[in-house]
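**Student:** First to last, the sequence lines map onto chains S and R. The UniProt record's numbering applies: residue 1 is where the first sequence begins, and numbers increase by one. The UniProt record's numbering applies: residue 1 is where the second sequence begins, and numbers increase by one. Each residue gets a CB set at the ideal place from its N, CA and C atoms; glycine is no exception. Supplied in structure tokens, the structure appears directly below.
2 protein chains.
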Amino acid sequence: MTRPTIHDVARVAGVSLSTVDRVLNDREGVRDKTRSRVLDAIGDLGFERNLAAANLSRGRRYRLCFILPDGQNSFMRALEQDVAEEAAAALRDFTVIETRKVPAFDAGALADLLRSLDPEAVDGVALVATDATVVRIAVRELRARGIAVVTLVSDLPGSEKQGFVGIDNVQAGRTAGSLLGRFCRGRAGRIAMVCGSMLVRDHAERRLGFEQVLRTEFPEQSLIAPIEGLDDKDRVRNQLAEKLAADPGIVGVYSMGAGNRGVAEALAALQPERHVSVVVHELTRYSREALLDGSFDAVLHQNSRSEVQGAIQLLRNLLDGQNPPPQVEPIRVEIYMRDNLP
Amino acid sequence: MTRPTIHDVARVAGVSLSTVDRVLNDREGVRDKTRSRVLDAIGDLGFERNLAAANLSRGRRYRLCFILPDGQNSFMRALEQDVAEEAAAALRDFTVIETRKVPAFDAGALADLLRSLDPEAVDGVALVATDATVVRIAVRELRARGIAVVTLVSDLPGSEKQGFVGIDNVQAGRTAGSLLGRFCRGRAGRIAMVCGSMLVRDHAERRLGFEQVLRTEFPEQSLIAPIEGLDDKDRVRNQLAEKLAADPGIVGVYSMGAGNRGVAEALAALQPERHVSVVVHELTRYSREALLDGSFDAVLHQNSRSEVQGAIQLLRNLLDGQNPPPQVEPIRVEIYMRDNLP
DNA sequence: CAGGATTTGATAGACGTCTATCAAAATTCG
DNA sequence: CGAATTTTGATAGACGTCTATCAAATCCTG
């Protein structure tokens, strides 16, 4: 009924507390035979070290650093806010979180920042990755210095990061295709796409998934080459409005990232009897309003709060050296419509 | 940089450790003037008691009891499984979880069980409520005995429960209506509904929300009185197949709860060229298969694992007397389609 | 102001683990 | 075999909080 302690382990193994401690904390000077007696006892008893007591004793603190892109991207700003709020809550668990910002899409700046991190001051890092070789190298160096590394929102495949917390963007694109295809069923025509930039990895992946589904499952719709909005709402509004006016056969719009406001404005300018189904990404103030007034049909979303929590938990588990690290729940592609808004 | 301790509080307040302790733990024999000096010091320093150390010291353990309905409902069985798994993980945090089962829909049995719970053995209870007055009374008595109570999945409004962890079922029904209405757009006709029993509160609420949306937003569709499946797949299959055969104008099906297998079978029997859009509840082995083979279009889901975790966290917070209790993330109505299956 | 009651302080030991130090025992080696 | 080395044990104090006990100080009452 009560959990076994190191005292029990010592008793069962027939050794002293000191020896148990040496084994538990990987100190040297223990003969193999003795070590295995202790490990056997641990196994027999099902002993698990009381982390709370251990951390209390050593005054353990987790010093984490979150690295986010700077700039006006509203998803990133929401993420920053979530980090700040979770940082306050994490203090209770002896976790100190520092936030650093680097210019968006600037791999060199990101790599420089990573290189500057001192293992004396930081135990673990969560970064929104920019996909570049210099960053991979910097991650490898961080790991070599003994700092734990996970990627957040945007992954860095092929690097030595120890985990990724974010959604599967191909899956997100497929989901969008599946929804929009169904919403437009019976109205064969064309579908317009809007992205931030095709140079951004997640948007490229979303497009890939979207086109996969549309082409195989809804061949009655054809796709128009995407508008690159570059996070500029006016640009998005103008280009989309132009396309919609020029082609009355456009029955659906998929917007893969920033630019929701521009999309909403272009739609508002249409004749009321024209029906265009719309699926966009990221629940923000604007996409929410558009859902409520009926101009958007669905919004795909990633819960940035969960992502931050997941990254913190994953880093702590890595630093605790838990074996195996208890899995963090994967982040889901969430679908919102007017009626299940949170 | 380091958190203040009770020693700091004592020093700043100019009192002894004993007095700080008396204030912190609500022991009597402290003059008001002294108490407020201590409270001021706590406020000034931003002191927060180190729960890990406190629990270590008192050998605190959280004894929770989860009460679930017995029977073949597959959602409830999945929930039971989740409770078992979370119970194992919770042991690490000195939380001992016991599961009890009562006959489904039997308010008397549930109330009896609640009455039998001994505050010497149980600190908190999470129950899947049956909506009845005897249960409300039993909950009140539990609270009077000092046991914390929250409802899980199925709420008990008007009772003295201290929280509810589950989804908003009216919202879920609205979401289903919104999806199915869009899926059937352009094909005006009739929509069939399937429920477990109209006596179950959550199904009744789902129907309410569903009809709200269909009637106001998609008046071109008309609704057929629901089939009551009573958790019997053959009954669901037969009745639904009969309706579909009799009425070629049925373009959509909404199934509010148990009975997914029967729905899938009735659909499989249709001529391949007939297209019926389908939205059901709860992601199970069967609804998952039907999504994958295209016979269901969307599945609404509540994450029972999150619900169990949420209930545990809420109960622990209540028992810790945290003030204000840190909010548990609300449970979302999740939408799954083939392409965002977890 | 004495006496009793109430409030406050001081101290010790506990919870489970960690770290450090020193002594004792066991092993290895010449 | 004795000395050097390695391995093990014993002990003490710490982390932040809790509980208990007893003594000292302060308060109230008549």
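Quick check: is the beta carbon of M256/R nearer than 8 Å to any beta carbon in chain S?
**Tutor:** On the second sequence, residue 256/R is found 256 positions in, with the first residue counted as 1. Output row for M256/R: interface = no.
**Student:** Check the Cβ of V333/S against every Cβ in chain R and list those closer than 8 Å, keeping chain order.
**Tutor:** The residue labelled residue 333/S in the question sits at position 333 within the first sequence. Within 8 Å Cβ-Cβ: N340.
**Student:** Going by CA-CA distance only, name the one from R274/R, T5/R and Y336/R that's closest to P290/R.
**Tutor:** Start at 1 with the first residue of the second sequence, and residue 290/R comes out as number 290. A small correction: the amino acid at residue 290/R is Ala; Pro does not occupy that position in the sequence shown. When the alpha-carbon of A290/R is set against those of R274/R, T5/R and Y336/R, the nearest one is in Y336/R.
**Student:** Taking the beta carbon of T216/S as the centre, do at least 16 other beta carbons fall within 10 Å, making it buried, or is it exposed?
**Tutor:** Taking the first residue of the first sequence as position 1, residue 216/S is located at position 216. T216/S should be labelled exposed.
**Student:** Please report the distance separating the alpha-carbon of E141/R from that of A90/R.
**Tutor:** In the second sequence, counting from the first residue as 1, residue 141/R sits at position 141. In the second sequence, counting from the first residue as 1, residue 90/R sits at position 90. Cα to Cα, E141/R sits roughly 27 Å from A90/R.
**Student:** Can you give the Cα-Cα distance for R206/R and Y254/R, rounded to whole angstroms?
**Tutor:** Position 206 of the second sequence, counted from the start, is the residue given in the question as residue 206/R. Position 254 of the second sequence, counted from the start, is the residue given in the question as residue 254/R. If you draw a straight line from the Cα of R206/R to the Cα of Y254/R, it is about 10 Å long.
**Student:** Return the CA-CA distance between E242/S and D202/S, expressed in angstroms with no decimal places.
**Tutor:** As a position in the first sequence, residue 242/S is number 242, starting the count at 1. As a position in the first sequence, residue 202/S is number 202, starting the count at 1. Rounded to whole angstroms, E242/S and D202/S show a C-alpha spacing of 26 Å.
**Student:** Jot down the residue ranges of each uninterrupted alpha helix (DSSP H) in the region 22–47 of chain S, minimum 4 residues, whole runs only, in chain order.
**Tutor:** 32–45
**Student:** Which residues mark the beginning and the end of the beta strand (DSSP E) in which I147/R is found?
**Tutor:** Here residue 147/R refers to the residue found at position 147 when the second sequence is read from its first residue. Counted as a single uninterrupted DSSP element, the stretch harbouring I147/R is not any beta strand (DSSP E), since DSSP gives it neither H nor E.
**Student:** Using DSSP bridges, identify the partner residues of F66/S.
**Tutor:** Numbered from 1 along the first sequence, position 66 holds the residue referred to as residue 66/S. DSSP output for F66/S lists T99/S and A126/S as bridge partner(s).
**Student:** Could you tell me which residues DSSP pairs with G108/S in its beta bridges?
**Tutor:** Taking the first residue of the first sequence as position 1, residue 108/S is located at position 108. Answer is none; G108/S lacks a bridge partner.
**Student:** For chain R, is any of its Cβ atoms less than 8 Å away from the one on F183/S?
**Tutor:** Sequence index remark: in the first sequence, residue 183/S carries index 183 (1-based). Answer yes: the Cβ-Cβ gap between F183/S and chain R drops below 8 Å somewhere.
**Student:** Could you give the residue range of the alpha helix (DSSP H) that holds E307/S?
**Tutor:** One-based indexing of the first sequence puts residue 307/S at position 307. In this chain, the alpha helix (DSSP H) harbouring E307/S covers S304 to D320.
**Student:** Relative to the alpha-carbon of V341/S, which residue among I167/R, R49/R, N50/R and L127/R has its alpha-carbon at the smallest distance?
**Tutor:** For the purposes of this step, residue 341/S is taken as residue 341 along the first sequence, with counting starting at 1. It should be noted that the sequence gives Leu, not Val, for residue 341/S. Out of I167/R, R49/R, N50/R and L127/R, I167/R has the C-alpha closest to the C-alpha of L341/S.
**Student:** Indicate whether at least one CB of chain R lies closer than 8 Å to the CB of M193/S.
**Tutor:** Reading the first sequence from its first residue, position 193 is the one you call residue 193/S. Not a single CB atom of chain R sits nearer than 8 Å to the CB of M193/S.
**Student:** Between the region 260–279 of chain S and chain R, which residues of the former have CB atoms less than 7 Å from a CB of the latter, in chain order?
**Tutor:** none
**Student:** Check whether chain S comes within 8 Å of S178/R, counting only Cβ atoms and requiring the distance to be less than that.
**Tutor:** Within the second sequence, the letter at position 178 stands for residue 178/R. Yes, S178/R lies at the interface with chain S (some Cβ there is under 8 Å from its Cβ).
**Student:** Buried or exposed: where does I42/S fall if 16 or more other Cβ atoms within 10 Å of its Cβ makes it buried?
**Tutor:** The count along the first sequence starts at 1 and reaches residue 42/S at position 42. Under this definition I42/S is a buried residue.
**Student:** Can you check whether the CB of I67/S is closer than 8 Å to the CB of V96/S?
**Tutor:** Locating residue 96/S in the first sequence gives position 96, where the first residue counts as 1. Locating residue 67/S in the first sequence gives position 67, where the first residue counts as 1. Not a contact, by the Cβ cut-off of 8 Å.
**Student:** Can the beta-carbon of R92/S be found less than 8 Å from the beta-carbon of E329/R?
**Tutor:** For the purposes of this step, residue 92/S is identified with residue 92 of the first sequence, where counting begins at 1. For the purposes of this step, residue 329/R is identified with residue 329 of the second sequence, where counting begins at 1. No, the Cβ-Cβ distance between R92/S and E329/R is not below 8 Å.
**Student:** Determine the closest residue to A87/R out of C65/R, G181/R and R288/R, with distance taken between C-alpha atoms.
**Tutor:** Sequence index remark: in the second sequence, residue 87/R carries index 87 (1-based). Nearest to A87/R by C-alpha distance, out of C65/R, G181/R and R288/R, is C65/R.
**Student:** Where V122/S and Q81/S are concerned, what is the direct C-alpha to C-alpha distance, given to the nearest angstrom?
**Tutor:** Translated into positions along the first sequence, residue 122/S becomes position 122. Translated into positions along the first sequence, residue 81/S becomes position 81. Their Cα atoms are separated by approximately 21 Å.
**Student:** Would you say the region 282–289 of chain R touches the region 18–37 of chain R, given that touching needs at least three Cβ pairs under 8 Å?
**Tutor:** no
**Student:** Should the region 308–327 of chain R be regarded as contacting the region 291–300 of chain R, the criterion being three or more beta carbon pairs within less than 8 Å?
**Tutor:** no
**Student:** Just curious, the alpha helix (DSSP H) that R3/S is in, first and last residue?
**Tutor:** Counting from one through the first sequence, the residue named residue 3/S turns up at place 3. In the DSSP assignment, R3/S falls outside any alpha helix (DSSP H) and carries neither an H nor an E.
**Student:** Pull up the distance between the alpha-carbon of D40/S and that of R58/R, whole angstroms please.
**Tutor:** Taking the first residue of the first sequence as 1, we reach residue 40/S at position 40. Taking the first residue of the second sequence as 1, we reach residue 58/R at position 58. Taking C-alpha positions only, D40/S is separated from R58/R by approximately 30 Å.
**Student:** Whose Cβ in chain R lies nearer than 9 Å to the Cβ of M76/S?
**Tutor:** Taking the first residue of the first sequence as position 1, residue 76/S is located at position 76. None at all; the shortest Cβ gap to chain R is about 21 Å.
**Student:** Could you check the C-alpha separation between L303/S and A148/R for me, to the nearest Å?
**Tutor:** Taking the first sequence and counting its residues from 1, the one referred to as residue 303/S is at position 303. Taking the second sequence and counting its residues from 1, the one referred to as residue 148/R is at position 148. Here residue 303/S is Asn; the residue named in the question, Leu, does not match the sequence. So the two alpha carbons sit approximately 30 Å from each other.
**Student:** Quick check on the DSSP output: the alpha helix (DSSP H) that includes residue 344/S runs from which residue to which?
**Tutor:** Outside the displayed range of chain S (1 to 342) lies residue 344/S, so it cannot be described from this structure.
**Student:** Could you pull the start and end residues of the alpha helix (DSSP H) that R206/R belongs to?
**Tutor:** Residue numbering aside, residue 206/R sits at position 206 when the second sequence is read from its first letter. First-last of the alpha helix (DSSP H) with R206/R: R201 to E217.
**Student:** Looking only at C-alpha atoms, which of A245/R, D234/R, G177/R and A204/R sits nearest to Q212/R?
**Tutor:** Here residue 212/R corresponds to residue number 212 of the second sequence, with the count starting at 1. Taking only the C-alpha atoms, the option nearest Q212/R is G177/R.
**Student:** Starting from the Cα of A53/S, find the closest Cα among T99/S, E98/S and T5/S and give me that residue.
**Tutor:** Working through the first sequence from its first residue, we reach residue 53/S at position 53. Residue T5/S is the option with its Cα nearest to A53/S.
**Student:** Please say whether R190/R and G249/R have beta carbons closer to each other than 8 Å?
**Tutor:** On the second sequence, residue 249/R is found 249 positions in, with the first residue counted as 1. On the second sequence, residue 190/R is found 190 positions in, with the first residue counted as 1. Cβ atoms of G249/R and R190/R: closer than 8 Å.
**Student:** My output table needs one value for I137/R: the three-state DSSP class, helix, strand or coil.
**Tutor:** Counting from one through the second sequence, the residue named residue 137/R turns up at place 137. Note: I137/R maps to helix in three-state DSSP.
**Student:** Hey, could you find the ends of the alpha helix (DSSP H) A54/S is sitting in?
**Tutor:** In the first sequence, counting from the first residue as 1, residue 54/S sits at position 54. L51 to R58 is the span of the alpha helix (DSSP H), which, as asked, contains A54/S.
**Student:** Could you pull out every residue in the same chain whose Cβ sits closer than 7 Å to the Cβ of E307/R, ignoring the five residues on either side in sequence?
**Tutor:** By 1-based counting over the second sequence, the position of residue 307/R is 307. These residues qualify, in order along the chain: L152, V153, V165, G166 and I331.
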